[in-house]
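Asker: Take a look at this one; I'll ask things after.
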Amino acid sequence: MIRSVKGTHDILPDKTGLWRKIETALHSFMHKYDYGEIRTPIFEKTELFKRGVGEETDIVSKEMYSWTDQGGEKLTLKPELTAPVVRSFIQHNLGSQSAVNRLYYMDALFRRERPQKGRTRQFHQFGAEVFGSEHPEADAEIIAISYNFFKNLGIGNLTLTLNSIGSDDCRNNYRNELRKYLKPFSSNLTETSQNRFKKNPLRILDTKIEHEKEIIKNAPEIDNFLTDDDKSHFEEVKSLLNDLSIPFVIDSQMVRGLDYYTRTTYEITSSVLGAQDALCGGGRYDKLVETLGGKPTPAVGFAAGIERLLLALESKTAESGDKVIQINIIGLTKKVRSKCQVLAQELRGKGFSVSTDLLRRSLKSLLREANRNSARIAIIIGDDDLANNTVQVKDMGTGEQITIIKNTLIEHLTDLDF
RNA sequence: GUGGGAGUAGCUCAGCUGGUUAGAGCUCCUGGUUGUGGUCCAGGUGGUCGUGGGUUCGAGUCCCAUCUCUCACCCCA
257 MIRSVKGTHD
267 ILPDKTGLWR
277 KIETALHSFM
287 HKYDYGEIRT
297 PIFEKTELFK
307 RGVGEETDIV
317 SKEMYSWTDQ
327 GGEKLTLKPE
337 LTAPVVRSFI
347 QHNLGSQSAV
357 NRLYYMDALF
367 RRERPQKGRT
377 RQFHQFGAEV
387 FGSEHPEADA
397 EIIAISYNFF
407 KNLGIGNLTL
417 TLNSIGSDDC
427 RNNYRNELRK
437 YLKPFSSNLT
447 ETSQNRFKKN
457 PLRILDTKIE
467 HEKEIIKNAP
477 EIDNFLTDDD
487 KSHFEEVKSL
497 LNDLSIPFVI
507 DSQMVRGLDY
517 YTRTTYEITS
527 SVLGAQDALC
537 GGGRYDKLVE
547 TLGGKPTPAV
557 GFAAGIERLL
567 LALESKTAES
577 GDKVIQINII
587 GLTKKVRSKC
597 QVLAQELRGK
607 GFSVSTDLLR
617 RSLKSLLREA
627 NRNSARIAII
637 IGDDDLANNT
647 VQVKDMGTGE
657 QITIIKNTLI
667 EHLTDLDF
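Residue numbering for the first sequence follows my numbering, beginning at 257 and increasing consecutively.
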């Protein structure tokens, strides 16, 4: 048997309804914030992610699905969405068409990680990006969008964790100070931390190893290195969030795994999720457009995992929102089979949801099925009906059955007001 | 990439220390008198016991390998 690839999943009809419900909610939610949808190709040049996300990140260094095509071009299935959106933003010169660009998306991503709860190799994210504003209002808008979306869906136990990692200058100074502090402990650090020490010491702050956490405790904190501008920016973001009644906690050691962030970074977690508890992550990336070859453009955005959202939703009672079949048409004899199909098509044309039999089964079986489908109405057609130009309309709730002249059927069904 | 747990019917699982034709419940299908569902009753479909080796007279059961699922590390959404 050929199975789906490890870490990928089929979404069957009993679940697709829930997916569509979330998709619909997202579209209408984002339009309220005046965001436009953007869709980028499922694969990009590998170079984009190396430059955009950072060559030293785990995502780029060991998780990408990359290959060389027949023309020798190095390509990669999207492992994240900000870099492609930025690429598109630059390519189409969106920045010169309007001062601010608000974009949102929903897409499939691919990372070759070991699957576990809340983590698959093909997964889906939605997110939003604002280009063109360096002001705290943009940060607050992005954070508010993600927080309010989860809140509106009724997801409980939300925690918004906030930090500012400062602008470039600030981070360079901090990086040096951090190295100075860590140097004496160097021999006590794990191998990965020693590598990070050289390439990106900030990531060591994120360690999960107990004895390293001890070392980190007394490490210099980034807040002390923020420039005055960084500080006032961060203060304004916090004050805006307070005004918007969005609760948050500050974690000055939260470091995000992608290299492009500057200033504001944040994460929204929910305790119902298990170890992979991040519903959403994001922040400001004022240098990325420039890094990828565009004009310097400040930007801020977030991305959220749909599978995780679904997990969080499942711990509540989630309903698919799909409509059930409302009418089952049952033909009793060979003579009326084609009539059933014709009638079904006619009723669907009038907006009804109709199911017919494909197995030439018995009346008993078909009523059983109508019952199982929660059909409101069964329409039964026999030879007599064919002769008299009538149909039998059975109400599956009450069991009552009446004979209706076929010409008046639609009127009758409409009056029932499903 | 590392570690723990698990793989028997579509689903949830049983199968004791290796011993005949591998079981249950649910689902699904068909019937319970000529054309009427939900409950009930009866019957039926469906399994190369994840896969490949090995030990043995004999393996779902023991050993090895491998794959997959799952949880955690890691990483992140």
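Where a beta carbon is used, it is the ideal one built from N, C-alpha and C, also for glycine.
Keep in mind the model is a prediction, meaning the values are calculated, not measured.
Going straight from the alpha carbon of Ile502 to that of Leu496, what length do you get?
Answerer: So the two alpha carbons sit approximately 9 Å from each other.
Asker: Please report the straight-line C-alpha distance between Leu350 and Tyr291, rounded to a whole angstrom.
Answerer: If you take the alpha carbons of Leu350 and Tyr291, they lie about 14 Å apart.
Asker: Check the DSSP bridge columns for Ser420 and list the partner residues they point to.
Answerer: Partner(s): Thr520.
Asker: Tell me the start and end of each unbroken alpha helix (DSSP H) in the region 496-574 that is at least 4 residues and wholly inside, in chain order.
Answerer: The region 496-574 contains these whole alpha helix (DSSP H) runs: 544-547 and 562-570.
Asker: What do you get for Ser317, buried or exposed, if any count of 16 or more other CB atoms within 10 angstroms of its CB means buried?
Answerer: Flag for Ser317 reads exposed.
Asker: Out of Val610, Leu588 and Ala600, which one is the CA nearest neighbour of Ile637?
Answerer: Answer by Cα proximity: Leu588.
Asker: From Arg370, Val386 and Phe387, pick the residue whose C-alpha is nearest to that of Phe379; which is it?
Answerer: Nearest option by C-alpha distance: Arg370.
Asker: Got a sec? Which residues, its chain only, sit under 7 Å from Asp533 by beta carbon, not counting five neighbours each side?
Answerer: Result list for Asp533: Thr525, Ser526 and Ser527, in chain order.
Asker: Quick test of your reading: Ala634 and Ile586, contact by CB under 8 Å. State the CB separation rounded to the nearest angstrom.
Answerer: Contact holds; Cβ gap of about 6 Å.
Asker: Pick from Gln648, Glu477 and Ser420: whose alpha carbon is nearest that of Val493?
Answerer: Residue Ser420 is the option with its Cα nearest to Val493.
Asker: List the residues that DSSP assigns as beta-bridge partners of Arg358.
Answerer: Its beta-bridge partners are Val386.
Asker: On the criterion of 16 or more Cβ atoms from any shown chain inside 10 Å, does Met257 qualify as buried, or is it exposed?
Answerer: Its Cβ having fewer than 16 others within 10 Å, Met257 is exposed.
Asker: Would you say the region 451-459 touches the region 557-564, given that touching needs at least three Cβ pairs under 8 Å?
Answerer: Taking 8 Å as the limit for Cβ pairs, the verdict is that the region 557-564 does not touch the region 451-459.
Asker: Determine which residues share a DSSP beta bridge with Asn584 and list them.
Answerer: Paired residue(s): Ser611 and Ala634.
Asker: Candidates Lys662, Gly537 and Ala631: which alpha carbon is nearest Gly677's?
Answerer: Summary: the structure shown does not reach residue 677, with the chain confined to residues 257 through 674, and so no result is reported for it.
Asker: Whole angstroms are fine: how far does the CA of Asp314 sit from the CA of Val261?
Answerer: Rounded to the nearest angstrom, the two C-alpha atoms are 22 Å apart.
Asker: Which residue's Cα is closest to the Cα of Gly550: Gly308, Ala364 and Leu535?
Answerer: Comparing Cα positions, the closest option is Gly308.
Asker: Under 7 Å Cβ to Cβ from Ala574, same chain only, skipping five residues before and after it: list those, please.
Answerer: Residue placement at Ala574 cannot be trusted, given a pLDDT of 48 that sits under 50; the coordinates are not used to answer.
Asker: Could you pull the start and end residues of the beta strand (DSSP E) that Leu333 belongs to?
Answerer: It spans Lys330 to Leu333 - the beta strand (DSSP E) in which Leu333 sits, taken as one unbroken run.
Asker: Given a threshold of 16 other Cβ atoms within 10 Å of its Cβ, counted over all protein chains shown, does Ala339 qualify as buried or as exposed?
Answerer: Burial call: buried.
Asker: Is Asn627 closer than 8 Å to Ser611 when the C-beta atoms are compared?
Answerer: Their beta carbons are not under 8 Å apart, which means Ser611 does not touch Asn627 by this criterion.
Asker: Out of Ala643, Leu304 and Phe382, which one is the CA nearest neighbour of Met286?
Answerer: Nearest C-alpha to Met286: Phe382.
Asker: Going by beta-carbon coordinates alone, are Gly557 and Glu385 separated by less than 8 Å?
Answerer: In contact: Gly557 and Glu385 (Cβ atoms closer than 8 Å).
Asker: Compute the Euclidean distance between the alpha carbons of Asn584 and Leu418, then round it to the nearest angstrom.
Answerer: In a straight line, the C-alpha of Asn584 is about 54 Å away from that of Leu418.
Asker: Could you name the residues of the same chain whose beta carbon sits closer than 6 Å to that of Leu669, not counting the 5 residues immediately before and after it, in chain order?
Answerer: Answer for Leu669: no residue qualifies.
Asker: In chain order, what residues of the same chain have a beta carbon less than 6 Å from the beta carbon of Ser344, not counting five sequence neighbours either side?
Answerer: So the list reads Thr296, once near-sequence residues are dropped.
Asker: Determine the closest residue to Asp507 out of Arg459, Leu416, Leu599 and Arg604, with distance taken between C-alpha atoms.
Answerer: Ranking Arg459, Leu416, Leu599 and Arg604 by Cα distance to Asp507 puts Leu416 first.
Asker: Between which two residues does the alpha helix (DSSP H) holding Thr272 run?
Answerer: Here the alpha helix (DSSP H) through Thr272 covers Pro269 to Lys288.
Asker: Check each candidate in Leu331, Leu569 and Ala394 and name the one with the smallest Cα separation from Ala355.
Answerer: Checking every option, the nearest Cα to that of Ala355 belongs to Ala394.
Asker: With respect to the alpha helix (DSSP H) encompassing Ile398, which residues constitute its N-terminal and C-terminal limits?
Answerer: Its alpha helix (DSSP H) spans residues Pro392 to Asn408.
Asker: Can you list, in chain order, the residues of its chain with a C-beta nearer than 6 Å to that of Thr324? Leave out the 5 residues immediately preceding and following it.
Answerer: Closer than 6 Å at the Cβ level, and outside the excluded window around Thr324, lie Lys330.
Asker: Is the separation between the beta-carbon of Ile660 and that of Val647 shorter than 8 Å?
Answerer: The answer is yes: Cβ separation under 8 Å.
Asker: Starting from Ser260, trace the beta strand (DSSP E) both ways and give me its first and last residue.
Answerer: Careful: Ser260 lies outside any beta strand (DSSP E) and carries neither H nor E.
Asker: Taking a contact to mean a Cβ-Cβ separation below 8 Å, would you say Pro223 touches Leu365 in this structure?
Answerer: It is not possible to answer for residue 223, since the shown part of the chain is limited to 257 through 674.
Asker: Rounded to a whole number of angstroms, what is the C-alpha to C-alpha distance between Leu603 and Lys407?
Answerer: Their Cα atoms are separated by approximately 40 Å.
Asker: Let me know the alpha helix (DSSP H) ranges lying completely inside the region 448-498, each 4 residues or longer, listed in chain order.
Answerer: If we require 4 residues or more, the alpha helix (DSSP H) runs fully inside the region 448-498 come out as 466-473.
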